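So the sequence shown is numbered by the numbering used here: it starts at 20 and just counts up by one.
These notes are about the structure you will find just below.
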Amino acid sequence: MTLFDQCKKDTDEQKDPEKTVSEIVAEQNKRLEKVVKTATTTTFLQGNVLDENGIPLSGVIVKVADKTKTTDSKGYFVFEEAVLNKEFAVVKAEKAGYMKGLRTFTPRVGAMNKIEFVLQKNGTAQSLDANKGGEFVFDNGKVKLNFPAASIADVDGKAYSGTVKVNARYIDPVSNGFASAMPGNLVGLTDANNLVGMISYGMANVELTDNSGNPLQILIGKTVKVIMPAIKDVPADMPVWHFNETYGLWVEAGKATKSGAEYSFEANHFSTWNLDTKVEDAVEKVNISLKSSTNLSISNQKVNIYTSDFVNLLRTVYTDDKGQFTLLYFPKSLGLRVVLECQNLDKTVNITSENVTVTLNNLIGSAKVYQIKGIIKDCKINYTNSFFILKDLSESKISLSGKTNTSGEFETNFILCDVNQSTKYQ
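Printed below as a string of structure tokens:
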């Protein structure tokens with residue numbers, strides 16, 4: 020659970036500060052349902068959950084709609100049949116001692132889909148006397164909170180006067196794991212009810228509980244001052260957004276003001292909060308196909324998507340069994356830079372149409388594309404038109420997936436880093 024709501028003129032939320040959290044969210048949902056398509060697809064979904072050091076997390080509860088799975092010892096989960104929104108599929112991951120994970124992605128219909136979570140460990144809890152209020156600093160000063168006296172409520176919205184446990188973490192937009200740790204996919208709803216792309220300049224994750232672990236909130240009519248770093252070359256005012264968990268999208272809710280090297284804003288309800296500029300010229304949809312110089316599709320591959328200047332990490336995706344992935348509301352004018360895990364495997368791409376093929380000609384050094392072909396049988400019965408996963412049981416990073424044809428045959432491609440080009444592997 021996380022923080023807040025910004026006071027801002029000319030929005031319904033700020034005109035009536037006495038609205039409850041449920042009323043605010045209900046109004047957001049009515050706005051979002053008008054712009055988000057309801058079409059769904061039933062498909063195969065797999066994924067991994069890691070901590071901030073890249074170590075797999077077992078025992079994580081992963082939820083898709085009304086279905087639940089638990090990660091194994093390697094942080095792996097799989098849904099054989101997942102009902103997903105065709106444009107904005109929302110997946111949640113929760114584990115005691117960690118901040119909630121919320122990912123939004125665009126599934127490939129009829130394909131094997133994969134996602135990755137990076138869960139942040141809870142910050143060191145600090146105690147707040149609800150009657151007195153106080154100032155708190157987390158993550159080496161990257162998240163600062165200023166609570167006025169008598170500003171806390173219980174889950175029913177009633178004033179709370181006991182001890183409050185405050186946890187907070189900063190989601191750093193320049194960290195390597197940013198796109199897997201942040202909620203959503205940097206698509207948001209503006210005050211004018213338009214969907215736009217976004218460039219993040221930092222997020223705050225805050226959790227308030229009582230001594231028994233029950234969630235608490237900000238009392239109606241009160242606000243908490245939130246301060247985060249003003250990184251890079253940024254404007255004097257920055258739009259503030261909070262995350263809608265139902266639709267997996269951000270909602271614009273005011274502005275933060277810059278003072279020196281910090282931004283500050285007032286928050287009055289729980290959510291995840293995000294400092295972002297809008298990308299008004301974002302391309303609504305682009306399908307990317309990754310190919311090697313020998314025209315092999317690069318499937319089953321983790322890909323980081325940056326702006327072409329290599330400054331902003333915007334998405335972390337996996338190519339499907341056909342080497343493809345889809346981006347929605349991507350900043351067209353800033354260009355697209357595809358970066359694979361292997362060193363030197365990246366390419367800058369201009370988005371000129373809805374379907375773009377990216378050919379990686381610089382598969383050099385120790386990187387090599389491999390192809391596996393075969394047939395899947397059981398007692399001489401072919402598995403036709405079936406999803407499959409090939410896993411090396413001793414190596415959690417190798418997970419090859421795809422779909423058989425009408426004869427039960429398959430082929431799948433993947434890249435191995437740091438291999439000898441003249442050596443054969445099996």
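Virtual Cβ for every residue (Gly too), placed ideally from N, Cα, C.
Remember, it's a predicted structure, so these values are computed and weren't measured experimentally.
Residues of its chain near residue i, where Cβ-Cβ distance is below 7 Å and the 5 sequence neighbours each way are ignored
{"i": "V245", "result": "L22, F23, L164, A223, S283, F284, A286, W292"}
{"i": "E303", "result": "L347, Y348"}
{"i": "L76", "result": "V68, L69, D70, T90, G94, K114, L138"}
{"i": "K481", "result": "Residue coverage of the chain in this structure runs from 20 to 445, which leaves residue 481 outside it and unanswerable."}
{"i": "K34", "result": "Low local confidence applies: a pLDDT of 39 at K34 is under 50, so the model's placement there is unreliable, and no value is given."}
{"i": "G152", "result": "F166, P167, A168, S170"}
{"i": "P248", "result": "K161, G221, A280, E281"}
{"i": "K28", "result": "Here K28 scores only 38 on pLDDT, less than 50, and its place in the model is too uncertain to base an answer on."}
Exposure label - residue i; buried when at least 16 CB within 10 Å
{"i": "T87", "result": "exposed"}
{"i": "I74", "result": "exposed"}
{"i": "D158", "result": "buried"}
{"i": "E99", "result": "exposed"}
{"i": "V174", "result": "exposed"}
{"i": "E373", "result": "exposed"}
{"i": "S278", "result": "exposed"}
{"i": "A280", "result": "exposed"}
{"i": "N204", "result": "buried"}
{"i": "D295", "result": "buried"}
{"i": "K38", "result": "buried"}
{"i": "E154", "result": "exposed"}
Inter-residue CB distance, residue i and residue j (contact presumed, cutoff 8 Å)
{"i": "S17", "j": "K310", "result": "Lying outside 20 to 445, the shown extent of the chain, residue 17 is not represented and no answer is given."}
{"i": "T59", "j": "K105", "result": "6 Å"}
{"i": "T378", "j": "S312", "result": "6 Å"}
{"i": "V54", "j": "N212", "result": "6 Å"}
{"i": "F344", "j": "T338", "result": "5 Å"}
{"i": "K111", "j": "G120", "result": "7 Å"}
{"i": "G421", "j": "F433", "result": "No, G421 and F433 are not in contact; Cβ-Cβ is about 10 Å, not under 8 Å."}
{"i": "F197", "j": "L364", "result": "So it is not a contact: roughly 20 Å between Cβ atoms."}
{"i": "I218", "j": "M201", "result": "In fact, because the Cβ distance is near 12 Å, the residues do not count as touching under 8 Å."}
{"i": "I391", "j": "L419", "result": "7 Å"}
{"i": "A275", "j": "H261", "result": "At roughly 12 Å, the Cβ-Cβ gap does not stay under 8 Å, so A275 and H261 are not in contact."}
{"i": "A144", "j": "N195", "result": "Contact flag wrong, Cβ pair sits at about 27 Å."}
{"i": "D142", "j": "R188", "result": "Inspection of the sequence shows that residue 142 is occupied by Gly rather than by Asp. Contact holds; Cβ gap of about 5 Å."}
Closest Cα partner of residue i within the set the options
{"i": "K321", "options": "G142, V259, S199, Q139", "result": "S199"}
{"i": "I250", "options": "K161, Y337, D300, A112", "result": "K161"}
{"i": "F289", "options": "P234, F407, N132, V388", "result": "P234"}
{"i": "S11", "options": "V206, Y266, G196, T182", "result": "No statement about residue 11 is possible, as the shown extent of the chain runs from 20 to 445 and does not include it."}
{"i": "D300", "options": "E135, W269, V206, V225", "result": "V206"}
{"i": "A45", "options": "K396, D191, N263, I394", "result": "N263"}
{"i": "Q65", "options": "S194, V270, L51, V102", "result": "V102"}
{"i": "T5", "options": "N314, G393, G129", "result": "What the structure shows of the chain is the stretch from 20 to 445, and residue 5 is not part of that stretch, so it cannot be assessed."}
{"i": "S426", "options": "N141, E281, P192, I395", "result": "I395"}
{"i": "N306", "options": "F429, L268, P126, I43", "result": "P126"}
{"i": "P254", "options": "E226, W269, Y220", "result": "Y220"}
{"i": "T209", "options": "D85, V97, V270", "result": "V270"}
{"i": "K387", "options": "D340, A149, C361", "result": "C361"}
{"i": "E52", "options": "S41, T265, A187, T39", "result": "T265"}
{"i": "F96", "options": "K410, E428, R50", "result": "K410"}
{"i": "Q47", "options": "E428, G267, E430, G342", "result": "G267"}
{"i": "K140", "options": "N72, S352, S308", "result": "N72"}
{"i": "G342", "options": "I324, S308, S352, R356", "result": "S308"}
{"i": "F124", "options": "G116, F136, F107", "result": "F107"}
{"i": "V81", "options": "K49, F136, F63", "result": "F136"}
{"i": "K63", "options": "F429, K49, M131", "result": "Note that residue 63 is Phe in the sequence shown here, rather than Lys. Checking every option, the nearest Cα to that of F63 belongs to M131."}
Per DSSP, the bridge partner or partners of residue i
{"i": "L347", "result": "K304"}
{"i": "Y337", "result": "K321"}
{"i": "N129", "result": "Per the sequence shown, residue 129 should be read as Gly rather than Asn. DSSP output for G129 lists no bridge partner at all."}
{"i": "F407", "result": "G421"}
{"i": "Y476", "result": "Beyond the ends of the chain as shown, which are 20 and 445, falls residue 476; an answer cannot be given."}
{"i": "R50", "result": "Answer by DSSP bridge pairing: none, since R50 is not bridged."}
{"i": "P234", "result": "T228"}
{"i": "S146", "result": "K184"}
{"i": "S77", "result": "Note: S77 sits in no beta bridge, so no partner."}
{"i": "N263", "result": "L268"}
{"i": "Q65", "result": "V97, K133"}
{"i": "N314", "result": "Per DSSP, none; premise fails for N314."}
{"i": "T296", "result": "I218"}
{"i": "M247", "result": "Y282"}
{"i": "G203", "result": "R122"}
Proximal residues to residue i (C-beta, below 8 Å), its chain only, five neighbours per side dropped
{"i": "V243", "result": "L22, F23, L164, N165, F166, P167, S170, I237, E285, A286, N287"}
{"i": "G354", "result": "T326, S327, D328, T367, V368, N369, I370"}
{"i": "V330", "result": "K251"}
{"i": "Y389", "result": "N432, F433, I434, L435, Y444"}
{"i": "A172", "result": "A178, Y179, L235, Q236, I237, L238, I239"}
{"i": "G78", "result": "T89, T90, K114"}
{"i": "N424", "result": "T403, N404"}
Cβ-heavy atom distance, residue i to the ligand MG, below 6 Å
{"i": "A211", "result": "For the ligand MG, the structure offers nothing, since it holds no ligand at all."}
Chain-order list of residues whose beta-carbon lies under 6 Å from that of residue i (same chain, five-residue window excluded)
{"i": "P350", "result": "G216, V298, A301"}
{"i": "C398", "result": "none"}
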